[in-house]
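**Q**
Numbering (this note's numbering), first residue to last: 726 to 856.
1) Look at the alpha carbon of residue 814 and the alpha carbon of residue 774, and state the distance between them as a whole number of angstroms.
2) Grouping DSSP H, G and I as helix and E and B as strand, with all else coil, what is residue 856?
3) For residue 782 and residue 845, what's the separation of their Cα atoms in angstroms?
4) In whole angstroms, what separates the C-alpha of residue 799 from that of residue 755?
5) Taking only three categories from DSSP, how would you classify residue 774?
6) I'd like the list of long-range same chain contacts for residue 818, defined as Cβ closer than 7 Å, with 5 residues on each side in sequence excluded.
7) Based on Cα-Cα distance, which residue from 820, 785, 793 lies nearest to residue 839?
8) Between the C-alpha atoms of residue 736 and residue 760, what's the straight-line distance to the nearest angstrom?
9) Buried or exposed for residue 787, going by 16 or more other Cβ atoms inside 10 Å?
10) The beta strand (DSSP E) that contains residue 739, what's its start and end?
11) Helix, strand or coil for residue 817? Go by DSSP, reduced to three states.
12) Between the C-alpha atoms of residue 758 and residue 729, what's the straight-line distance to the nearest angstrom?
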């Protein structure tokens, strides 16, 4: 975005300006071809998380990975239900009913899952039973 990564822009600008959601023809992050600039946009009501296992730059598999289905199951066991998942991504649909508390709970569960991975502890039961 304007010669710098999108994450270096102010949050207020990202929330306000449509240009941050535009698919740029030829950009390597999405791999889509055959469309014009400003023809397609990322849906800001979707939250897509990617799990480790695929190099974002090359698209190649890495030596370590976590299938998204494992994380999705962990989240479901802890009361958070994703819309869908595939090998290395989990999709959440954000609605006006999503509160700051619900988003904080998601972040907390992701952090606990990461702690399980780093400590190499079982993550099959509710998080409160392990940590």
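Here a beta-carbon is modelled for each residue, glycine too, at the ideal position from N, C-alpha and C.
**A** Based on what the coordinates show:
1) Their backbone Cα atoms lie some 5 Å apart in a straight line.
2) With a pLDDT of only 48 at residue 856, under 50, the local geometry of the prediction cannot be trusted, and no value is derived from it.
3) If I take the Cα positions, the gap works out to 27 Å.
4) Each residue's alpha carbon lies about 27 Å from the other.
5) Note: residue 774 maps to strand in three-state DSSP.
6) Only 770, 771, 808 meet the Cβ criterion.
7) Closest option to residue 839, Cα to Cα, is 793.
8) Rounded to the nearest angstrom, the two C-alpha atoms are 28 Å apart.
9) So residue 787 ends up on the exposed side.
10) Counting along the chain, residue 739 falls outside any beta strand (DSSP E), though it belongs to the alpha helix (DSSP H) covering 736-741.
11) The answer is strand: DSSP assigns residue 817 an E or B state.
12) Each residue's alpha carbon lies about 23 Å from the other.
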